[in-house]
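Report on the following structure.
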Amino acid sequence: MKKFLVFTVILLSVLTVFSQRFLPPVKDSYLTSSFGEYRDTGDKPHFHLGIDFSSFSRIGYPVNAAADGYVCKLWVNHKVYGNTIFIYHPDYDLISVYAHLNSFKGLMAEIANSVVSEFGNTFAEIKFPDDEIRVSKGEEIGYSGKSGEAEVPHVHFEIREVKKSGNNEIEIVRDALEFVDYVEMRPRKLQAFEIRSNNRTYKLLDDQVTEVPFTTLPKLEVKVSEKVGDNTTIIPRKISLRVNDELVYEIEFDAIREDEMYSPNAIYGYGSNLFTYWIKLYSSSFITPIKVNRWNEIAFTLKDKNPAELILEDIWGSIKVYKLILVKEM
Ligand SMILES: [Zn+2]
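With the first letter of the sequence shown counted as 1, position 242 gets the number 962 in my numbering; the numbers rise by one all the way through.
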């Protein structure tokens, strides 16, 4: 009897873990971009608010619903997103997003086509009442493409949470890797290449302490990335700086509000592009990924030489530390 009980409990916990997971939008695919990356494509610089899955460079590859729900809206010809499906999932109170599609399936295709034939290739948003277009987990909903800012065909996938504040609704885009049932099998390498201070650039090397001069308050910028397999480069999930054993600055790409999409310059510095990420370790503005910013508090405690650590972390638990000494210049 006892054995049976244990077995049932284990089975139940396995079921709940599995049921909380969303399916990746493309079958047997792999990650090609991560949440929070800098993008200078589309209309103007912005954060990459989703994660990208390979469609094996194919147009017309099937795209599947991540979980049960209903289609709440479509975007047709969006400058960044292209043709996009939004699915609301009542069980989770979350929305999943599928972008850069070549085409939609079924009733969605019919409606989108009639909108395009009437209004042409301008941006259109089509909203649907609750429950009108139901989809089930794994169901084919559309086909991959490179509409919007996409340079090669792939599927851009997002998880959004709707928060109400008074009469307003604000969408918070979350790192979809927290929700999707995806295991990264390729080798990974977190890397910081260079650090900038006072308009000078210093190379960062493994197992080496790098001296970095500053004048009054350090305004450091680091060039970072994480290499996944041979061909994929993403942004580390978390970047932090400790000075004199205190956490001074921390960025974590866990969530970005929809209205923060066009504020990447609060985090990314000069020279950033689709493949290069210069992260500022200071900011005068506040946006969601900036978790800690204590420069003003610790400014007066800085000495002539300040041991510091630059810490990179990914979502799978890897960590990489670079040792620095911040040296005050007279
Ligand atoms: Zn994308």
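Just so it is clear, CB atoms sit at the ideal spot from N, CA and C, and this is done for glycine as well. Remember, predicted model here, so these are calculated numbers, not experimental data.
Beta bridge pairing from DSSP links residue 888 with 885. Between residue 873 and residue 777, the C-beta spacing is below 7 Å. Comparing C-alpha distances from residue 789 to each of 1023, 848, 764 shows the shortest one belongs to 848. Secondary structure note for residue 784: its beta strand (DSSP E) is the uninterrupted segment 782-784. Residue 772 holds the alpha-carbon nearest to the alpha-carbon of residue 744 among 988, 1036, 772.
The closest CA to that of residue 939, considering only 754, 986, 904, 974, is found on 986.
About 6 Å separates the Cβ atoms of residue 912 and residue 1032, confirming a contact at the 8 Å cut-off. Per DSSP, residue 966 is one residue of the beta strand (DSSP E) stretching across 966-972. Relative to ligand 1, even the nearest heavy atom lies 6 Å or more away from the CB of residue 1034. Runs of the beta strand (DSSP E) spanning 3 or more residues and lying entirely within the region 798-831 occur at 802-809, 814-821, in chain order. Remark: fewer than three beta-carbon pairs, one from each stretch, lie closer than 8 Å, so the region 871-890 and the region 838-848 are not flagged as touching.
The continuous stretches of beta strand (DSSP E) do not include residue 978, and DSSP gives it neither H nor E.
In this structure, residue 869 lies near residue 762, with their beta-carbon atoms less than 7 Å apart.
In the same chain as residue 835, and ignoring 5 residues on each side of it, the C-beta atoms closer than 8 Å to its own belong to 796, 844, 846, in chain order. Scanning its chain for C-beta atoms nearer than 7 Å, with the 5 sequence neighbours on each side dropped, one finds around residue 780 the residues 822, 863, 864, in chain order. Bridge partners of residue 748 according to DSSP: none are assigned. Closer than 6 Å to some heavy atom of ligand 1: that does not describe the Cβ of residue 766.
Within a 10 Å sphere around the beta-carbon of residue 751 sit 16 or more other beta-carbons, which makes this residue buried.
Per DSSP, reduced to three states, the secondary structure at residue 996 is coil, with no helix or strand assignment. With fewer than three CB-CB distances shorter than 8 Å, the region 999-1014 does not count as touching the region 918-934. Taken from the Cβ of residue 865, every heavy atom of ligand 1 lies 6 Å or farther away. For residue 1016, no beta strand (DSSP E) segment is defined; the enclosing uninterrupted segment is the alpha helix (DSSP H) at 1015-1018. Assignment of residue 1026 by DSSP, reduced to helix, strand and coil, places it in the strand class. Apart from sequence neighbours up to five positions away, the residues of its chain that approach residue 970 with a beta-carbon distance below 6 Å are 960, 1011, 1012, ordered along the chain.
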